[in-house]
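Student: Dropping the structure in here first, questions after.
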């Protein structure tokens, strides 16, 4: 797909950022990997995948200045970040329009081919889609990585920080997304919010990934889909200092 619009989340959750402090920079988007900042790497991957417009959601002056120094075939712009990634996405969708591809500035190893395959595989019937990687693919690509996995009847999966909002109905995921943000490391709490009819089957390992995503989508009034990727490194972001050490080993 060419000519799509993309959003890069580069806000702050408030308080010090352990990864930025560890790297000695003002914001983790300014961490250098292979001679380029994480911000530049993400923007370049999006451009190579065919993005014609890329917005960065941030309130960090140094990130805004760094964006101005990046050469890209896409139109680059800045949007103000909110305290919540989900609200930043909602504000960006209203400002940029839909459809919208969303990723994060700490997606250090992002590749154009991952994006292209995700967009090609996202079902046209889905209002919103999220990329996930099977545990086996993640462990094969990065045996040392410590990721959080969601357990389902058909296996364990890790999120990949790539989302596609196809139309206005997709904005129905914003409120549930805020809940998922709060409990993103505790998927059983997410299931509990859907009631015992979901919590018990999830706890017993009876729900498949697609069943869980479908139920979450119906709760939000949207058609939601999980898109599986064979690229295990797509699940590796830079959430903690150990992640930064890992990506530096993988791509010095």
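Residue numbers (this note's numbering): 222 to 473. We put the CB at the ideal spot given by N, CA and C, even for glycine. The model shown is predicted, which means the values in this text are computed figures rather than measured ones.
(1) Whose C-alpha, out of 386, 443, 287, 373, is nearest the C-alpha of residue 297?
(2) What residue ranges within the region 264-325 form continuous beta strand (DSSP E) runs of no fewer than 3 residues, ordered along the chain?
(3) Go through its chain and collect everything with a Cβ distance to residue 224's Cβ below 7 angstroms, but skip five positions before and after it.
(4) To which residues does DSSP link residue 355 through a beta bridge?
(5) Please classify residue 464: is it buried, with 16 or more other beta-carbons within 10 angstroms of its beta-carbon, or exposed?
(6) Of the residues 428, 236, 230, which one's Cα is nearest the Cα of residue 279?
(7) For residue 370, name the three-state secondary structure that DSSP assigns.
(8) If you pair each beta-carbon of the region 361-374 with each one of the region 331-341, do three or more pairs fall below 8 angstroms?
(9) When DSSP labels each residue in this structure, what does residue 452 get in the three-state scheme?
(10) Express the C-alpha separation of residue 342 and residue 445 in angstroms, rounding to a whole number.
(11) Report the three-state DSSP secondary structure of residue 329 (helix, strand or coil).
(12) My output table needs one value for residue 386: the three-state DSSP class, helix, strand or coil.
(13) For the beta strand (DSSP E) that residue 226 lies in, which residues bound it at each end?
Tutor: Looking at the atomic coordinates:
(1) As a first step, residue 297 is located in the chain shown; it is residue number 76 there, counting from the start. Out of 386, 443, 287, 373, 287 has the C-alpha closest to the C-alpha of residue 297.
(2) Within the region 264-325, the complete beta strand (DSSP E) runs of at least 3 residues are 272-278, 296-300, 321-325.
(3) Numbered from its first residue, the chain shown carries residue 224 at position 3. Cβ within range, chain order: 271, 273.
(4) Counted from its first residue, the chain shown places residue 355 at position 134. DSSP output for residue 355 lists 378 as bridge partner(s).
(5) Position 243 of the chain shown, counted from the first residue, corresponds to residue 464. Flag for residue 464 reads buried.
(6) Working through the chain shown from its first residue, we reach residue 279 at position 58. With distances taken between Cα atoms, residue 279 lies closest to 230.
(7) Numbered from its first residue, the chain shown carries residue 370 at position 149. Coil.
(8) no
(9) Counting from one through the chain shown, the residue named residue 452 turns up at place 231. In the displayed model, residue 452 falls within coil according to three-state DSSP, outside both helix and strand.
(10) Looking up residue 445 in the chain shown gives position 224. Looking up residue 342 in the chain shown gives position 121. Looking at the two C-alpha atoms, the distance is approximately 13 angstroms.
(11) As a working note, residue 329 is residue 108 in the chain shown. DSSP places residue 329 in coil when its eight states are reduced to three.
(12) For the purposes of this step, residue 386 is taken as the residue at position 165 of the chain shown. Three-state DSSP puts residue 386 in a strand.
(13) Position 5 of the chain shown holds residue 226. Per DSSP, residue 226 belongs to the beta strand (DSSP E) from 225-230.
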